[in-house]
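A short write-up of the structure that comes next.
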Amino acid sequence: MTNKEYADILLPGVKHTWEEYEKMYPERDLPEGAMVTRYAPSPTGFVHIGALLTSFIDGRFAKQTGGICYLRIEDTDQERSIENGVSSIINSLNEFGITFDEGQVSETEYKGNYGPYIQTERGDIYKAYAKKLIEEDKAYASFLSKEELEKIREEQMKSKQRLGIYGRYAKDRNLSKEETIARINNGESYIIRIKSPGSFFNKIKVNDLIKGTMEMPENDIDEVIIKSDGIPTYHFAHAIDDHLMHTTHVIRGDEWLSSLPKHLQLFEILGFKAPKYAHIAPLTKNDNGTIRKLSKRKDPEAAVSYFTEDGVPKEAIMLYLATVANSNFEGWLDQNPNGSIDDFKFDFKKCSASSGSLFDLPKLYNISKNYISRLTKDEVYDRTLEYATKYDEELKELLLKYPDYSKEIFNIERQQKKPRKDYEKFSDVKGQIWYMFDELFNKEDKNYEWQSITDKEEIKNILDNYIEIYSESDDKETWFNKIKELCDKLGYASDMKAYKENPDNFKGSVADISTVIRVATTTKSQTPDLYEILRILGKERVKERFNLL
Ligand code: GLU
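Add 7 to the 1-based position in the sequence shown for the numbering used here, that's all there is to it.
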């Protein structure tokens, strides 16, 4: 029996040979230096902030080198896959501006000549290559039952040995073809394992673009490549797919770093050129002094949706992730506050090589605050409306009812050299501007933050006098001069210096008068520019508010 016939018995019904597949996936025609990267999630339905980081880095390196970044769905672990998992990943990533050149690129659109890009649709391909290994005597059928495997595991644990099928544990490695076929004919279940040519005592040098060169023990485990249901393992599918799809750079989480010797060996025995690897450190969290990985189970902020629901602009999240991706990005952003991420050149050498990057929420919110402060009034209006449409019906109604008025509010202390930074996220907006809408102001149980002047009579006196002289057509200087005149009239210092020198000569100062007007109008002792607030509200409404007191 030829090796080919033997391989046909072990893996029957395979439609194409590996040589045919090689022809179906020709070299890509790309310029020198162009990177082909891929984001390869398992469709578990949950989009982790770390997934956003990885896919972002994948996309950036491809884009900045004129290459390709494709999306490959790794669904060989059917137990972990959920229905609509793929759509939910694509929609979430698209929402953050992460797009792919190939694979499923949107809810309904597929692109690319190197597909299928879903592993469960590539079953025949993996088997064709497994057959190649069987023919070359580099893989074999292993009949170890669940019970036998469990026994081996227990023995290894007990005697503190490495786990896995290697050396004397690789029992079926040298079964003859005849014995193997007899057991198959006997109905025994089997899987395909490689015959690892490695020795654990050999140290190999592995190169990682982020972690540098490392010494690791060579793989000697007879790794499973095809499971008993005919589905490949992640390791095998990775090697075949990245070879056929001509991935130049595998960028992935560093939980896969320890599998690298295994993967390099698979590339070697398959006769493939291995891609370059870049393993990204995970996002971590300081949990009461212990640094641990950001966990999907324990940390709500691990889900990308946590931030979208809170109204953090997606651009700010991406800017923050860019600071995590490359340590010099932040400095660049300080120099180019209006710069686009597209203008920054990412470098593997500037990625954190350590075991984790602390997920720094205050920094994320700070970036977000700065980002929102640079938006125009129209942009803030649109984005707040977008947020309110999903999460705040009342605010949505108000924004739709008073668009120009709302924009005037958003324009206060905006578009100036040092814009006001009131909002960290769109969910903050309502809490900062509610008093500008009578609908909200009137229904509120008001807590007036009177400061130094609390005497009701005095407050009334100040407000009565003020409303007499206030005109909404005054320019800011006239407006302020009128307040000063009022101070003089009522016995308050219009000049702060004079007040500080002789506080006893006055009832208070211009600051106290302004505060009374501010609090009576808004209930708040701190607000954006009072002149603007009064002007936007208009004299009639200001008067109404004074009358409430
Ligand atoms: N499917 C793997 C995961 O979700 C991806 C690993 C890789 O990028 O190779 O972790």
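In this text, a Cβ means the ideal position worked out from N, Cα and C, and glycines have one as well.
Contacting residues, own chain, Cβ-Cβ under 6 Å from residue i (five flanking each side not counted)
i    : result
F366 : L290, K292 and L301
F207 : P224 and D227
P38  : G73
I324 : F314
M443 : I416
E431 : Y372, S375 and K376
L407 : none
I238 : T83
I64  : I258 and A332
7 Å Cβ shell around residue i - same chain, five flanking residues per side excluded
i    : result
I96  : P48, P50 and V54
L402 : A395 and K437
G515 : S459, I460 and Y499
Q272 : S203, G205 and N226
A41  : T72, G73 and G74
K491 : S501 and V517
Cβ neighbours of residue i in the same chain (closer than 8 Å, five flanking residues each side left out)
i    : result
T220 : K212, V213 and N214
T61  : Y46, I258, R259, G260 and I287
K352 : Q71
D350 : N343
Buried versus exposed call for residue i [16 or more other C-beta atoms within 10 Å across all chains shown]
i    : result
S496 : It should be noted that the sequence gives Lys, not Ser, for residue 496. Exposed.
E195 : exposed
K153 : exposed
D429 : buried
E479 : exposed
M503 : exposed
L156 : exposed
R304 : exposed
I232 : buried
N554 : exposed
G66  : buried
G104 : exposed
I540 : buried
I333 : In the sequence as presented, Ile is not what sits at residue 333; that position holds Asn. It counts as buried.
L556 : exposed
S560 : Missing from the structure shown is residue 560; the chain here goes from 8 to 556 and no further.
G110 : buried
M252 : buried
G338 : exposed
K450 : exposed
P320 : buried
Enclosing alpha helix (DSSP H) for residue i [first to last residue]
i    : result
Y506 : M503 to E508
D65  : I56 to Q71
Q410 : According to the sequence displayed, residue 410 carries Pro and not Gln. Run containing P410: P410 to F417, per the alpha helix (DSSP H) assignment.
S149 : Note, S149: premise wrong, no alpha helix (DSSP H); beta strand (DSSP E) at A146 to S149.
R548 : K546 to N554
V331 : K321 to A332
I97  : G92 to E102
R390 : K384 to Y398
I476 : K463 to I476
R190 : K184 to N192
Q576 : In the structure displayed, the chain extends from 8 to 556; residue 576 sits before or after that span and is not available.
N10  : N10 to L17
H270 : L267 to L277
K30  : W25 to M31
I440 : V436 to I440
Y133 : G130 to E142
Per DSSP, the bridge partner or partners of residue i
i    : result
A310 : H55
D294 : T297
T315 : None, per the DSSP bridge assignment.
V257 : Y284
T220 : N214
E109 : Y77
A500 : S516
S152 : Answer is none; S152 lacks a bridge partner.
K118 : G110
P239 : I233
S364 : L290
I125 : I80
Terminal residues of the beta strand (DSSP E) in which residue i lies
i    : result
K376 : Looking at the DSSP string, K376 is not in any beta strand (DSSP E); the run it does join, the alpha helix (DSSP H), is L368 to S380.
T4   : Absent from the structure is residue 4, since the part of the chain shown begins at 8 and ends at 556.
L78  : I75 to L78
I232 : V231 to I233
I201 : I198 to I201
Distance cut-off 7 Å: residue i Cβ against heavy atoms of the ligand GDP
i    : result
R259 : Annotation note on the ligand GDP: not contained in the displayed structure, which lists the ligand GLU as its ligands.
Closer than 8 Å to chain C by CB, residue i
i    : result
T330 : Reference to chain C is not applicable here, since this structure consists of a single protein chain.
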